[in-house]
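Student: The numbering of the sequence shown is the working numbering, which starts it at 8 and goes up by one. In this text, a Cβ means the ideal position worked out from N, Cα and C, and glycines have one as well. Handing you a structure now.
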Amino acid sequence: MSLIINGVDVPAPVDARVSLLDHLREGLHLTGTKKGCNQGACGACTVLVDGERILSCLALAVQYDGRQVTTIEGLADGDGLHPLQTAFIEHDGFQCGYCTPGQICSAIGMTAEAERGVPSYLSEDLSADVALTRAEIQERMSGNLCRCGAHNGIIDAIRATVAA
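Put into structure tokens, the structure is as follows:
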């Protein structure tokens, strides 16, 4: 049994009860993914699995045998940052930076959901193309909390990246 973390085959934890978050942080020393509430309420632990966002604190690592897990460390292309990482810098999308990895992973997953036409609470027409307006982005990112006040910069960074 193995996991594919940021493109690298890694062994699954010996203990089947280990969360994906704890395996990433403690087993693999990938500390970019943060442990916030450890209850799935804050989004700090968001990672991508096969391109979809999940809360790694609520997932057992063994559930993802053979699947592609991408953490914040896996988004950059060598020395080049992912466009959303660059946008967060340009738009002051972080202050303390604690929630930033989860925000960025969640935004990437959210954008993919919108591109697939997945509706949100704000969707009036479930068959229409999704327009990522400011309100739509805020709704779709509502599961990711920022406690230090960088919310406007986060939304601006996402909007700038989506527009590009």
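1) Between the Cα of M117 and those of S26, N151 and N159, spot the shortest distance and give me the residue it belongs to.
2) Taking the alpha-carbon positions, what's the G43 to C49 distance?
3) Pull the bridge partners of L62 from the DSSP assignment, please.
4) Since I believe G39 is in contact with P108 (beta carbons under 8 Å), could you give me their beta-carbon distance rounded to a whole number of angstroms?
5) When you compare only the Cα positions, how much space is there between D86 and E122?
6) Taking its Cβ as the centre, do 16 or more other Cβ atoms sit within 10 Å of G156, making it buried, or is it exposed?
7) What does the Cβ neighbour count give for R24, buried or exposed, with the cut at 16 atoms within 10 Å?
Tutor: This is what the structure holds:
1) N151
2) 6 Å
3) T53
4) 5 Å
5) 27 Å
6) exposed
7) exposed
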